[in-house]
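Just so we're aligned: 86 in the working numbering is position 79 of the sequence shown, and the numbers increase by one with no gaps anywhere.
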Amino acid sequence: MKPASLLYGLLLLPVLASAAIDLEQVKKDNQFPTDQEIKKSLDKLKKDGLPDLYKIDPASGQKITNGMANVNLDKVSMPKQNVPDVKKLLEHYKAPNVDISGVDIAKLADQYGQLKVTLPDDSKDRIQDHKNGGAYLFISSSMPHATVENMLGQAGQLGVSVYLNGVIGDKPLSFKETQSYLQTFRLKKAPNILIHPPAFVMFNIKQVPALVVASEDVDQGLDESGCASPTDFSIIRGDVPVSYALQQVAEKSSNANVRAIANQKLAVLASK
8 MKPASLLYGL LLLPVLASAA IDLEQVKKDN QFPTDQEIKK SLDKLKKDGL PDLYKIDPAS
68 GQKITNGMAN VNLDKVSMPK QNVPDVKKLL EHYKAPNVDI SGVDIAKLAD QYGQLKVTLP
128 DDSKDRIQDH KNGGAYLFIS SSMPHATVEN MLGQAGQLGV SVYLNGVIGD KPLSFKETQS
188 YLQTFRLKKA PNILIHPPAF VMFNIKQVPA LVVASEDVDQ GLDESGCASP TDFSIIRGDV
248 PVSYALQQVA EKSSNANVRA IANQKLAVLA SK
């Protein structure tokens with residue numbers, strides 16, 4: 008053997024010696040139960056039951072008399088669950104992004120007999136009539152009550168649709184306050200009343216009251232923002248009689264179709 012190999016062997020001997028395991032000694036120090044001993048322990052467990060530590064009913068906290076009795080899970084109480092009332096949550100929290108465009112409040116309320124304002128027979132399905140050409144009156148509940156009542160009465164007689172920019176009150180999912188407001192008016196003939204913010208955008212309505220007379224092709228000239236071309240409609244602002252506003256449009260509008268529509272509305276009044 009070469010000197011280097013001899014040296015390596017001498018260094019390795021202590022490692023091998025320390026890694027040696029006496030299996031016989033391990034078996035002697037750790038006696039495993041025999042099959043007979045295991046069977047004997049199981050028989051004793053069946054006879055005497057579980058140790059006291061495991062003989063507690065978690066439902067009642069009482070000791071189980073029968074060591075092998077099953078726990079009655081039906082008696083385990085569960086904490087009461089509070090289920091939220093979705094309807095109350097909707098009424099409590101505002102929903103500013105709710106789109107109520109095209110809601111015909113008068114038609115909706117009249118269906119349930121909750122509103123004295125009714126619809127003319129010839130306008131029940133004209134939710135989008137602001138795009139078809141015609142005369143429209145824009146109002147707000149912030150206007151004096153007497154002014155609104157006079158204008159609603161005139162609009163009903165002339166067949167002019169009336170537009171609101173939104174529901175009244177701070178609950179956009181409820182029409183209750185809007186219905187209550189409209190019920191305060193006493194009208195011989197009710198106009199077509201609609202809630203439709205896009206109509207305000209279309210004719211750039213910043214102040215009310217305002218009367219708009221639009222041509223039949225007004226929806227053909229809308230820009231990217233949904234605004235109509237100024238040449239396709241005429242607007243009269245201020246607290247003036249609806250009939251007077253129509254006369255001004257009939258006399259001064261540069262659009263022949265707009266003038267014709269204004270005269271058509273005035274003819275209805277003249278025939279009465």
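A virtual CB, placed ideally from N, CA and C, is assigned to each residue, including glycine.
I'd like to know whether the C-beta atoms of residue i and residue j end up nearer to each other than 8 Å.
| i | j | result |
| --- | --- | --- |
| residue 242 | residue 207 | no |
| residue 202 | residue 229 | no |
| residue 163 | residue 194 | yes |
| residue 180 | residue 158 | no |
| residue 216 | residue 245 | yes |
| residue 220 | residue 153 | no |
| residue 156 | residue 192 | yes |
Drop a sphere of 10 angstroms on the beta-carbon of residue i, count the other beta-carbons inside from all chains shown, and report buried for 16 or more, exposed for fewer.
| i | result |
| --- | --- |
| residue 139 | exposed |
| residue 252 | buried |
| residue 177 | exposed |
| residue 198 | buried |
| residue 227 | exposed |
| residue 275 | exposed |
| residue 262 | buried |
| residue 50 | exposed |
| residue 168 | buried |
| residue 272 | buried |
| residue 277 | exposed |
| residue 186 | buried |
I'd like the list of long-range same chain contacts for residue i, defined as Cβ closer than 7 Å, with 5 residues on each side in sequence excluded.
| i | result |
| --- | --- |
| residue 81 | Unreliable placement is indicated for residue 81, whose pLDDT of 38 sits below 50; the coordinate value is still reported in the next sentence. Taken in chain order, the list of residues that qualify is empty. |
| residue 104 | The pLDDT assigned to residue 104 is 41, lower than 50, so where the model puts this residue is not dependable; a value taken from the coordinates is nonetheless given after this. None. |
| residue 161 | 248, 249, 250 |
| residue 222 | 140, 239, 240, 262, 264, 265 |
| residue 148 | 175, 188 |
| residue 46 | none |
Step through the CB atoms of chain D and report whether any lies within less than 8 Å of the CB of residue i.
| i | result |
| --- | --- |
| residue 189 | Within the model displayed, chain D is absent; a lone protein chain is all it includes. |
Apart from the five residues just before and just after residue i, which ones in its own chain have a Cβ nearer than 8 Å to its Cβ?
| i | result |
| --- | --- |
| residue 213 | none |
| residue 259 | 241 |
| residue 224 | 140, 239, 264 |
Please return the same chain residues whose Cβ sits closer than 6 Å to the Cβ of residue i, not counting the five positions on each side in sequence.
| i | result |
| --- | --- |
| residue 184 | 175, 176 |
| residue 269 | 220, 253, 256, 257 |
Item to complete: Could I get the ranges of all uninterrupted alpha helix (DSSP H) runs contained in the segment 244-273, with 4 residues as the minimum, in chain order?
Response: 249-259
Worksheet item: Which runs of the beta strand (DSSP E) spanning at least 3 residues fall entirely within the segment 174-219, listed in chain order?
Response: Listed in chain order, they are 200-202.
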